[in-house]
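*Asks:*
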Amino acid sequence: MASTEISELVQSVVEPYLLDGPRKYDRRQVQDLTGLPNNVTRRLWVALGFPADPDDNAVEYSDADIEAAQTFAKLQVLSGADVHRQTTAARTLGRSMARLAEWQVDLVTEEILDRIATIMYDNPDTDSKAAARIATEEVVTEFETLQRYAFRRHLDAALARSLDAGAVAGDTLRVLAVGFADMVGYTRLTRHLEPDELSALLEAFETATSTAIVAHGGWVIKNVGDEVMFAAATAADGARIALAVQEAAIASHGVTQELRVGLSYGGVLQRFGDLYGSVVNTAARLTGVARPGTVLVDDGVAEAIAGDPEFTLRHLATVRVKGIDRLHGHVLRRNVIRPLV
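Every letter in the sequence shown is one number past the one before it in the numbering used here, and letter 46, counting from 1, is 1335.
(1) Only counting the same chain, and skipping five residues up and downstream in sequence, which positions put a Cβ closer than 6 angstroms to that of ARG1316?
(2) For THR1360 and THR1330, I'd like the C-alpha separation in whole angstroms.
(3) Could you give the distance in angstroms between the alpha-carbon of SER1553 and the alpha-carbon of ASP1588?
(4) Taking one C-beta from the stretch 1375–1389 and one from the stretch 1334–1343 each time, how about it: are there three or more such pairs within less than 8 angstroms?
(5) Just to confirm the assignment, what range does the beta strand (DSSP E) spanning ALA1466 have?
(6) How would you label VAL1366, buried or exposed, when you count the other beta carbons within 10 angstroms and need 16 or more for buried?
(7) Express the C-alpha separation of GLY1551 and PHE1469 in angstroms, rounding to a whole number.
(8) Could you say if the stretch 1426–1438 and the stretch 1481–1498 meet the contact criterion of at least three C-beta pairs nearer than 8 angstroms?
(9) Would a C-beta distance cut-off of 8 angstroms place ILE1530 and ALA1538 closer than the cut-off?
(10) Which residues mark the beginning and the end of the beta strand (DSSP E) in which HIS1619 is found?
(11) Please give the ranges of any alpha helix (DSSP H) in the stretch 1391–1442, keeping only runs that are unbroken, at least 4 residues long and fully inside the region.
(12) State buried or exposed for HIS1505, treating a residue as buried only when at least 16 other CB atoms are found within 10 Å of its CB.
(13) Tell me which same chain residues have a C-beta within less than 7 angstroms of the C-beta of ARG1404, skipping the five on either side of it?
(14) Hey, out of LEU1333, GLU1349, VAL1299, whose CA is closest to GLN1318's CA?
(15) State the CB to CB distance for the pair SER1417 and LEU1298, rounded to an integer number of angstroms; the pair is presumed to be in contact (CB under 8 angstroms).
(16) Is the beta carbon of VAL1590 closer than 8 angstroms to that of VAL1466?
(17) Can you give me the start and stop residues for the beta strand (DSSP E) that HIS1604 sits inside?
(18) Check ALA1239 in the structure and name its three-state DSSP category.
(19) Return the first residue and the last residue of the alpha helix (DSSP H) that ASN1328 is part of.
(20) How close, in whole Å, do the beta carbons of VAL1586 and VAL1569 come, if the pair is a contact with beta carbons under 8 angstroms?
(21) Leaving aside the five residues before and after LYS1611 along the sequence, list all residues of the same chain whose C-beta is less than 8 angstroms from its C-beta, in chain order.
(22) Starting from GLU1516, trace the beta strand (DSSP E) in both directions and tell me its first and last residue.
(23) Use the C-beta contact count for GLN1300: other C-beta atoms within 10 angstroms, 16 or more gives buried, fewer gives exposed.
(24) Can you name, in chain order, every residue of its own chain whose Cβ lies under 6 angstroms from the Cβ of VAL1303, other than the five neighbours on each side?
(25) Which stretch, first to last residue, makes up the alpha helix (DSSP H) that contains TYR1475?
(26) Relative to the alpha-carbon of GLN1535, which residue among VAL1625, GLU1356, PHE1561, PRO1581 has its alpha-carbon at the smallest distance?
(27) In whole angstroms, what separates the C-alpha of ALA1458 from that of GLY1527?
(28) Report all residues from its chain with a CB closer than 7 angstroms to the CB of ALA1572; omit the five preceding and five following residues, and keep chain order.
(29) Name the DSSP bridge partner or partners of GLN1559?
(30) Expressed to the nearest angstrom, what Euclidean distance is found between the alpha-carbon atoms of LEU1482 and ARG1332?
(31) Can you give me the Cβ contacts of ALA1387 inside the same chain, cut-off strictly under 6 angstroms, excluding the 5 residues immediately before and after it?
(32) Quick check: what's the CA-CA separation for ALA1606 versus THR1430?
(33) Using DSSP bridges, identify the partner residues of LEU1548.
(34) Can you tell me the Cβ-Cβ gap for ASP1309 and ALA1353, rounded? I've got them flagged as a contact below 8 angstroms.
(35) State the start and end residues of the unbroken beta strand (DSSP E) segment that holds LEU1585.
(36) Is the Cβ-Cβ distance between THR1461 and GLN1559 less than 8 angstroms?
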């Protein structure tokens, strides 16, 4: 079969399977079946990242959409919330899932096509559409199983961090160590590297930093190009992570460039998986003024780890940066304990 024929074949099978059947409801029918007003379902639909036809009679929704709306109505923490919170929750979920889908689409497509080829080879009499349907169901089910596993494990870890810190429902303020690490000279590198070389550089950076962060009790908040943002429950854990990130970059045999790392400690606003506040801003500013290959920490970290034999600090003069008149940084190093002679 030609590639265009295979593509059309897969498309004809994928959507009905993923949506639990064809699109067969308009917005008014969704309201009748779920009890949710038109304006609510349309607003949430758009917040999730899907285009909404202005015509309420447009047939856009499947049985899966009806089930999702009914599930939303059951969740009191969302259905009983104000409009802003509902929309923000839907938008955050939609963005996360969209990014995951965009990342997986090539893998899923390749795996489906490989399965179709295998099925047709092993069973020459199999109808091509039946082969596509079998392959699609197998591949999507397997990916969903892996995602469910990863979600539950991450949720378990997030709940443990929150509850260990004494959080209760509705808490959004936490005391954390927040850090940033970014590659030195990334903009210059992007002008000279081929796409495959840039991909290898980013992969090495994300692998080295993520491994160091998780191994020392922290978690990744987000990766944005040449920068990773991380958090830890204590200043000491944050300091260990910051040093480990630098050491991981050095140990990657030149694939990952030199890093700048900034770390701050104090109260932060936690909102939909991200962190906000002056502590976050301070960590970002420290990263910006750090020398390549060094870790700068703020007064909060310095005070919390003072006297800890694991670390040494060199105090720097205050500097003025955007948004902060007097930024007081401290160079963090691992204390090397020499054996007695």
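Where is the CB? At the ideal position from N, CA and C, for every residue including glycine.
*Replies:* A quick look at the data gives this:
(1) ASN1327, ASP1345
(2) 12 angstroms
(3) 8 angstroms
(4) yes
(5) 1462–1472
(6) exposed
(7) 5 angstroms
(8) no
(9) no
(10) 1619–1623
(11) none
(12) buried
(13) ALA1424, GLU1427, VAL1428
(14) GLU1349
(15) 6 angstroms
(16) Going by the sequence as given, residue 1466 is Ala instead of Val. Yes, they are a contact pair.
(17) 1600–1604
(18) Because the chain in this structure spans residues 1290 to 1630, residue 1239 falls outside the shown range and cannot be described.
(19) 1327–1336
(20) No, VAL1586 and VAL1569 are not in contact; Cβ-Cβ is about 14 angstroms, not under 8 angstroms.
(21) ARG1574
(22) 1516–1521
(23) exposed
(24) THR1425
(25) 1475–1481
(26) PRO1581
(27) Its pLDDT being 49, under 50, ALA1458 is placed unreliably in this model, and the value from its coordinates should be taken loosely. Those two C-alpha atoms are separated by around 26 angstroms.
(28) VAL1467, GLY1468, PHE1469, GLY1551, LEU1552, SER1553
(29) LEU1564
(30) 42 angstroms
(31) GLY1338
(32) 57 angstroms
(33) MET1472
(34) 4 angstroms
(35) 1584–1586
(36) yes
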